[in-house]
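Protein chains: 2
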Amino acid sequence: MASGEFSLIARYFDRARTLRRDVETGIGDDCALLAVPEKQWLAISTDTLVGGTHFLSDIDPADLACKALAVNLSDLAAMGADPAWLTLALTLPSVDEAWLQAFSDSLFEQLNYYDMQLIGGDTTRGPLAMTLGIHGYVPAGRALKRSGAKAGDWIYVTGTLGDSAAGLAILQGELSPEKPQDARYLVQRHLRPTPRILQGKALRDLASSAIDISDGLIADLGHILKASDCGARLELEKLPLSHELQQSVTPDQALRWALSGGEDYELCFTAPERNRGALEVALGQTGTPWACIGQMTAAADGLRLIREGQAVTLEWKGYDHFARE
Amino acid sequence: MASGEFSLIARYFDRARTLRRDVETGIGDDCALLAVPEKQWLAISTDTLVGGTHFLSDIDPADLACKALAVNLSDLAAMGADPAWLTLALTLPSVDEAWLQAFSDSLFEQLNYYDMQLIGGDTTRGPLAMTLGIHGYVPAGRALKRSGAKAGDWIYVTGTLGDSAAGLAILQGELSPEKPQDARYLVQRHLRPTPRILQGKALRDLASSAIDISDGLIADLGHILKASDCGARLELEKLPLSHELQQSVTPDQALRWALSGGEDYELCFTAPERNRGALEVALGQTGTPWACIGQMTAAADGLRLIREGQAVTLEWKGYDHFARE
Chain A
16 MASGEFSLIA
26 RYFDRARTLR
36 RDVETGIGDD
46 CALLAVPEKQ
56 WLAISTDTLV
66 GGTHFLSDID
76 PADLACKALA
86 VNLSDLAAMG
96 ADPAWLTLAL
106 TLPSVDEAWL
116 QAFSDSLFEQ
126 LNYYDMQLIG
136 GDTTRGPLAM
146 TLGIHGYVPA
156 GRALKRSGAK
166 AGDWIYVTGT
176 LGDSAAGLAI
186 LQGELSPEKP
196 QDARYLVQRH
206 LRPTPRILQG
216 KALRDLASSA
226 IDISDGLIAD
236 LGHILKASDC
246 GARLELEKLP
256 LSHELQQSVT
266 PDQALRWALS
276 GGEDYELCFT
286 APERNRGALE
296 VALGQTGTPW
306 ACIGQMTAAA
316 DGLRLIREGQ
326 AVTLEWKGYD
336 HFARE
Chain B
16 MASGEFSLIA
26 RYFDRARTLR
36 RDVETGIGDD
46 CALLAVPEKQ
56 WLAISTDTLV
66 GGTHFLSDID
76 PADLACKALA
86 VNLSDLAAMG
96 ADPAWLTLAL
106 TLPSVDEAWL
116 QAFSDSLFEQ
126 LNYYDMQLIG
136 GDTTRGPLAM
146 TLGIHGYVPA
156 GRALKRSGAK
166 AGDWIYVTGT
176 LGDSAAGLAI
186 LQGELSPEKP
196 QDARYLVQRH
206 LRPTPRILQG
216 KALRDLASSA
226 IDISDGLIAD
236 LGHILKASDC
246 GARLELEKLP
256 LSHELQQSVT
266 PDQALRWALS
276 GGEDYELCFT
286 APERNRGALE
296 VALGQTGTPW
306 ACIGQMTAAA
316 DGLRLIREGQ
326 AVTLEWKGYD
336 HFARE
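Residue numbers (our numbering), protein chains in the order written: chain A, 16 to 340; chain B, 16 to 340.
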């Protein structure tokens, strides 16, 4: 089986760089065996990335590994969980050793950064796609959920919005910023988003709800509204936009991408007035900016977009793979 | 988002039929939250099934759900673990409601049978494929591994071997058994294999090693030999063959499929002489036959196939997706 599936998995993915104490058996048996610490809840999420749909087919494999992991880590961040283990089911059209080397090197670099261990996976032949299963811990009872927001809570986002959509437009040749450094920044924000793990942990006990922005602010905030049975007022002037985005597109395009571009992998969260001070201290220590962009209201109000004090109506929605039919 | 991804997931997969007490939050947030009982190890496995590679493209969706779950449950069985939770990442070329209804009905029927809960997933557009992540428990320190076999231990398999390959050949029009009931039996063995969960649990503390037969007996026993640093003598006359298989193919073909056909999802395990009595009692209670097919030897002996007392050489190996290049 010299060029076979098993030696392929072994060669690129059976690396023992990070050995977590909670892993009894990692790769190499029918299942991985894990010892979960007491008084911790396990947080589990899974995401699939399909070539041509979730990433451009000619993407650099090192970028792809970063992005695939970040997309999944972002779900842990949104629960306030600490990353622990990864499973990787990789479907490849053929065995391309240079590709596998670059992909796995990049993946393990990220796993080591986050003190994570790859505990299992599967390699199959087919059109390029991958499904990651991510597992983390959160202290029992302290997870951030979508359902805890109340009318009156403030609405926040970390970082800046819309950069990822601009980066994608640049990669697709639809946008050419004047300054090369702006283009580089926006492309990096698309290819290598930073999962907000530190921010999610800082928000435990302080945020009343949280979600990560994968489908766009309007779509993802919509999930909080639905789960929490609330409405919201969103102040469009307060949406945090990067200098690079503002330099590269019209204000209207920037707003459009900030609201519905998706793939920002920032956190959107809510917190009651009484936690504002503690929240500023906790988030301040993470070194990443955040912005208050609105306030939760009664469910009957729905989601209202406010510009210069006036309610406005916009047409766009979040990205949805099957909604275009 | 009436016909969108999220309502699609909600409509077919957000069913609350089985509500496990260890599930704090199931489908509907960024992650599922799970409370693992004390003194239990978590067993995790993931498998991908790609249309055209792992199943025929025209497979009945109800059969596909059974097979996909069985393939993953079989990994838990091989560790002696109890099933608990499933994640499902489903990639579909389009939204086919009849297909989704049949697939999800069948999946939930199986999940309820095994007292499992679907805790998360992802639906993406692309060529038909799915990745399941399966999670179960095994009492700490009592998992069956591939690495515990010793020279002198007896080698066993549950059920019968080769039926699944015959069933596949029938579906592909390459085999036409004389009796329709034989054909039906073999096809069912291929489409709806029975994961040996009960047998795996019965073997805790009794078997010295175990693996499930997905790639064929020779390939999978080979993994035990490698992990346990042993050789083995396999008595070809002792391989358990179903009456239906023997009625449908030549003895040589039956042997070939029993050794290397794959997808049987029976357990291959080893046990020391001193456990033979306890093993017969424990397995006897499960109602499924099992057979002793050989004995572990020193690593230097390698894997030796014995027919009528003579070592024989055969050419076939287990199925390996990338080995054919």
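No residue lacks a Cβ here, since even glycine has one placed at the ideal position from N, Cα and C.
At the C-beta level, P255(A) and P210(A) stay beyond 8 Å of one another. Rounded to the nearest angstrom, the Cβ distance from G231(B) to S275(B) is 4 Å, consistent with a contact under 8 Å. If the five residues before and after A104(B) are omitted, its C-beta is found closer than 7 Å to the C-beta atoms of G136, D137, M145, T146, all from its own chain and listed in chain order.
In this structure S72(B) is exposed. Its beta-carbon is surrounded by fewer than 16 other beta-carbon atoms within 10 angstroms. DSSP places L329(B) outside any beta strand (DSSP E), giving it a letter other than H or E. Counting only residues of its own chain and dropping the five nearest sequence neighbours on each side, D244(A) has a CB closer than 7 Å to the CB of A314. Taking 9 Å as the cut-off between beta carbons, the residues of the stretch 132-143 of chain A near chain B are I134, G135, G136, D137, T138, T139, R140, G141, P142, in sequence order.
For the set P52(B), D37(B), A222(B), the Cα lying nearest the Cα of C307(B) is the one of A222(B). Under the 10 Å beta carbon count, T328(A) is surrounded by fewer than 16 other beta carbons and is classified as exposed. Of all residues in the stretch 283-313 of chain A, none has a C-beta nearer than 9 Å to a C-beta of chain B. Residue contact check for C245(B) against chain A: no CB pair falls below 8 Å. Listed by position along chain B, the residues whose Cβ is nearer than 8 Å to that of T328(A) form an empty set, because the closest Cβ is around 17 Å away. E39, T40, G43, D44, D45, C46, A47, L48, L49, A50, V51, E53, W56, L57, A58, I59, S60, T61: these are the residues of the stretch 33-61 of chain A whose beta carbon lies less than 8 Å from some beta carbon of chain B, given in chain order.
Taking a Cβ-Cβ threshold of 8 Å, none of the residues of chain A is close to A184(B); the smallest such distance is about 21 Å.
Residue contact check for R161(A) against chain B: a CB pair falls below 8 Å. What D90(B) touches in chain A, judged by beta-carbon distance under 8 Å, is D45, C46, going in chain order. In this structure, F123(B) sits near R30(B), with a CB-CB distance shorter than 8 Å. Counting the other Cβ atoms within 10 Å of the Cβ of R289(A) gives fewer than 16, which makes it exposed. Think of a sphere of 7 Å around the beta carbon of D227(B): the chain A residues whose beta carbon falls inside it are D45, in chain order. Unbroken alpha helix (DSSP H) stretches of 4 residues or longer found wholly inside the stretch 244-309 of chain B: 258-263, 266-275, 291-299, given in chain order. The beta carbons of E281(B) and V172(B) sit closer together than 8 Å. Less than 8 Å divides the Cβ of W169(B) from the Cβ of R291(B).
Here E278(B) is actually not in contact with A181(B); their C-beta atoms are around 11 Å apart, not less than 8 Å. In the displayed model, V86(A) falls within a helix according to three-state DSSP.
Neighbours of A96(A) in chain B, taken as residues at a C-beta separation under 7 Å, are given in chain order as C46. Taking a C-beta distance under 8 Å as the contact criterion, A166(B) and M311(B) qualify as a contact pair. Around the C-beta of T63(B), 16 or more other C-beta atoms lie within 10 Å, and the residue is accordingly described as buried. T139(A) sits away from T102(A), with the two beta carbons spaced by 8 Å or more. Checking the DSSP bridge columns, you'll see M131(A) has no partner listed.
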